[in-house]
Each structure stands twice: as structure tokens, then as C-alpha cells.
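Colleague: I'd like to ask you about the structure that follows.
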Amino acid sequence: MRSDASVGALGHRPEISVVIPLYNEEANIEPLLAELLGTLRALGRRFEVICVDDGSADGTFAALVRAVEREPALRVIRFRRNFGQTAAMSAGIEAARGDVVVPMDGDMQNDPADIGRLLAELDRGHDVVSGWRRERKDRELGRKLPSRVANRLISAVSGVRLHDYGCSLKAYRREVLDGVRLYGEMHRFIPVYASWQGARVSELVVNHRPRHTGRSKYGLERTFKVVLDLLVVKFLASFMTRPIYLFGGAGLLALLCGLAAFGAALVYKLSGKDLVETPLPLLAVAFVLAGTVCLLMGLLAELVVRTYYESQDKRPYVISEEIGGARATEGRSEGSG
0 MRSDASVGAL
10 GHRPEISVVI
20 PLYNEEANIE
30 PLLAELLGTL
40 RALGRRFEVI
50 CVDDGSADGT
60 FAALVRAVER
70 EPALRVIRFR
80 RNFGQTAAMS
90 AGIEAARGDV
100 VVPMDGDMQN
110 DPADIGRLLA
120 ELDRGHDVVS
130 GWRRERKDRE
140 LGRKLPSRVA
150 NRLISAVSGV
160 RLHDYGCSLK
170 AYRREVLDGV
180 RLYGEMHRFI
190 PVYASWQGAR
200 VSELVVNHRP
210 RHTGRSKYGL
220 ERTFKVVLDL
230 LVVKFLASFM
240 TRPIYLFGGA
250 GLLALLCGLA
260 AFGAALVYKL
270 SGKDLVETPL
280 PLLAVAFVLA
290 GTVCLLMGLL
300 AELVVRTYYE
310 SQDKRPYVIS
320 EEIGGARATE
330 GRSEGSG
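Take the sequence shown: its position 69, counting from 1, is numbered 68 in numbering that gives the first Met the number 0, and each next residue is one higher.
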């Protein structure tokens, strides 16, 4: 007999949504779901498990179909081809109905037993709890060293200090994820976005287990992609609403350099020397052109941003809550005589 904890699949809204991106994990499906479902039922909360098959070429989807027939709390999303972990996680998050969303990997290296501890940390008043694989069971040069470098770089640039951005095992309150659109390798930056929006972010040491079956899909090249995505994140955070500050600042600096080069060329000419002997006139023209282009790009970017916010009724702020004002009064306060 199934526990009432899984009634999220039977018409009631679940409290917890576990999202698992999967790619060629056929051998891990059955043991992963058996361990995960047992852990979730023991928590005594309504739950659902969303598995996203990211275009697997093995029998992953067939294994998921068999599991769905046995487990009503399980939902499966299948991609037509491989779109990557971020896309799979994004699809799972958008499909999730729970008040809390818990992403995790499907290779059994994340320990489902840590989910209860993540939820307890949320209950202490946090909005995001990020797992920290302090004792990683991975190769030093291939995985651990690049990860440490990337984590320190992300923390330094973003100002959000976490030890392990790459750990998929995290817990988010639903409202933190509303409106988040993921692409590239952006799923690891959700805590950064959340913190910039005022969310309370915490970190918790979690268990990390060695991979016993299948092959890791991570490589050194992924670190370079993360660094490039970090540049995009920093740009969006700093200049998303006012790109003129970036392009306009660069344009004004270029114009000042052009003016200085022109002044130096003028002094050079007045001293009786031939301008053919110096590159100053060319530098002046180049800087002025570059500055003009930057200013025009800034104005164009401002128009694009304004169109984006106005056409989609977006707001450049996030309201945490509103209190009072349940009913209006006509010309006087309730306490006046």
C-alpha cells in the first residue's frame, strides 16, 4: 500500500517537486527511483518526481515508461533530441507544481537522504539552499580542480559566496524560480539570480557518492562555457535595465581619448613638425568613430530594453509582499469621528 505522501500525483498539489535531468542513464533509473521514492515517502509530505529524458540514445525512456506504470507520483518529459542539462532542468522546473523544487542529478552521486536536510534548512527561513559536495568522489584534475577554480571565480564576480555552484542538489522555494529563464549553462547561476533579487541563500554540506554505472557527461570544456556564461550573467546584472551606462561610458571614454589625440596632434603641428610622422591624427579619428558607435549602440540598446519591459509588462523590481489596504475609505481614516 502506498503512503499518502505521494498523493500529489492523484489530484492534490504536491509540496515538493523533485526534478531529475537524465541523459543515457538507463542502468541508474530503477535503483535511483527506488531509493528516492522511499526517502520522499518517509518525509511524510506530498511530492512528485519529474524526470526529463534529454534525448537519451539508450533505454532510459523505456525504463521511465515502466516506472510510470508503477508509480503515480512520477512524471516524465521527453526531448526529441539532446538539448543539454540546463534545458532539461528548465523544462522540469516549469512543469513542477510543488511549493519547493529540488533538482538533482540522475547518476546516483547525489544522496536522496539529504533532501530532508535541505527542506529543514528552508524551514529555517531561507529561500534557496545549495548543496556543497565537500568530499567529492571525482577525479582531481578532470573535475575537482576546474570546479574549485570556477566556484571561486563565480563567487568573486557575483558576490554570492558559495563553495559548490556545480552541485545540482539544491532546494528552491517556488516563487524564487518564477520568471527565471535558463539557457547555456545558466542553471548553476540560479542562486546568484535569486540573491540579486533579495532571496536568502544558504549552503549545506551534502553527501557525494562515486558513480558506479554509466559515464560522466562532464568535461574540462564545460568550465570554459561556465566562465563565458558568467560574463553574460555579470553583464545582465549590471546593465540589463540601463545598457547606456556601459556603452555610453565606453563611448565617452573613447571620445575623450580622441579629443586628447587631436590636441596632441595639434601641438605637434604647431611645433613645426609634419603630421605624416605621427599616428596621432589616425588615432583621433579612430577614437571618435569608436566613441560615436558606442553611444549609438547604447541608445539602441536602451530602446530594446524599453520595448522589452513595456511590451511584456515587465517591472525592473521584485515585490516581496504587501500589507494592508484591504479596503479603501472615503476621505477619512477609520478612526476619525
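Positions of the beta carbon are idealized from the N, C-alpha and C atoms, including for glycine.
From residue 204 to residue 131, what does the alpha carbon distance come to, in whole angstroms?
Modeller: Here residue 204 refers to the residue found at position 205 when the sequence shown is read from its first residue. Here residue 131 refers to the residue found at position 132 when the sequence shown is read from its first residue. Cα to Cα, residue 204 sits roughly 5 Å from residue 131.
Colleague: Answer yes if the stretch 81 to 94 comes into contact with the stretch 107 to 114, meaning at least three C-beta pairs across the two stretches below 8 Å, and no otherwise.
Modeller: no
Colleague: Let me check one thing: in DSSP terms, what residues is residue 171 bridge-paired to?
Modeller: Walking along the sequence shown from the start, residue 171 turns up at place 172. Residue 171 is bridged to 100, 127.
Colleague: With DSSP run on the structure shown, which of helix, strand or coil describes residue 206?
Modeller: If you number the sequence shown from 1, residue 206 lands on position 207. DSSP, reduced to helix, strand and coil, places residue 206 outside both helices and strands of the structure shown, so it counts as coil.
Colleague: Can you tell me whether DSSP reads residue 293 as helix, strand or coil?
Modeller: The sequence position of residue 293 within the sequence shown is 294, counting from 1. Correct three-state label for residue 293: helix.
Colleague: Using the Cα positions of residue 0 and residue 187, report the straight-line distance between them to the nearest angstrom.
Modeller: To locate residue 0, count along the sequence shown from 1; it is residue 1. To locate residue 187, count along the sequence shown from 1; it is residue 188. Because the pLDDT of residue 0 is 37, which lies under 50, any placement of that residue in the model is unreliable, and the number read from its coordinates should be weighed accordingly. Near 38 Å, if we compare the C-alpha coordinates of residue 187 and residue 0.
Colleague: Quick one: Cα of residue 76 to Cα of residue 209, how far?
Modeller: Taking the sequence shown and counting its residues from 1, one reaches residue 76 at position 77. Taking the sequence shown and counting its residues from 1, one reaches residue 209 at position 210. Roughly 27 Å between the two C-alpha positions.
Colleague: The beta strand (DSSP E) spanning residue 122 covers which residue range?
Modeller: To locate residue 122, count along the sequence shown from 1; it is residue 123. Bounds of any beta strand (DSSP E) do not take in residue 122; it lies within the alpha helix (DSSP H) bounded by 114 to 122.
Colleague: With DSSP as the reference, label residue 46 as helix, strand or coil.
Modeller: Along the sequence shown, read from residue 1 onward, the residue named residue 46 stands at position 47. Residue state, collapsed to three classes: strand.
Colleague: Could you tell me which residues DSSP pairs with residue 76 in its beta bridges?
Modeller: Sequence index remark: in the sequence shown, residue 76 carries index 77 (1-based). DSSP output for residue 76 lists 51 as bridge partner(s).
Colleague: Does residue 266 come out as helix, strand or coil in the three-state DSSP assignment?
Modeller: Indexing the sequence shown from 1 puts residue 266 at position 267. Helix at residue 266.
Colleague: Once DSSP output is grouped into helix, strand and coil, what is the label at residue 351?
Modeller: Residue 351 lies beyond the range of the chain shown here (0 to 336); nothing can be said about it.
Colleague: Thinking C-alpha only, which one of 28, 136, 164 is nearest residue 148?
Modeller: Indexing the sequence shown from 1 puts residue 148 at position 149. It is 164.
Colleague: Starting from the C-beta of residue 330, find all residues in its chain whose C-beta is less than 6 Å away, skip the five residues before and the five after it, and write them out in chain order.
Modeller: By one-based count along the sequence shown, residue 330 stands at place 331. The predicted position of residue 330 is uncertain, since its pLDDT is 44 and thus under 50; no value can be drawn from it.
Colleague: Residue 21 by DSSP, collapsed to three states: which one?
Modeller: Here the question's residue 21 lines up with position 22 in the sequence shown. DSSP places residue 21 in strand when its eight states are reduced to three.
Colleague: I'd like the span of the alpha helix (DSSP H) that includes residue 69, first residue to last.
Modeller: For the purposes of this step, residue 69 is taken as the residue at position 70 of the sequence shown. From DSSP, the alpha helix (DSSP H) with residue 69 extends over 59 to 69.
Colleague: From residue 300 to residue 306, what distance separates their C-alpha atoms?
Modeller: For the purposes of this step, residue 300 is taken as the residue at position 301 of the sequence shown. For the purposes of this step, residue 306 is taken as the residue at position 307 of the sequence shown. Each residue's alpha carbon lies about 10 Å from the other.
Colleague: Less than 8 Å separating the beta-carbons of residue 127 and residue 16?
Modeller: Sequence index remark: in the sequence shown, residue 127 carries index 128 (1-based). Sequence index remark: in the sequence shown, residue 16 carries index 17 (1-based). Taking 8 Å as the Cβ cut-off, residue 127 and residue 16 do not qualify as a contacting pair.
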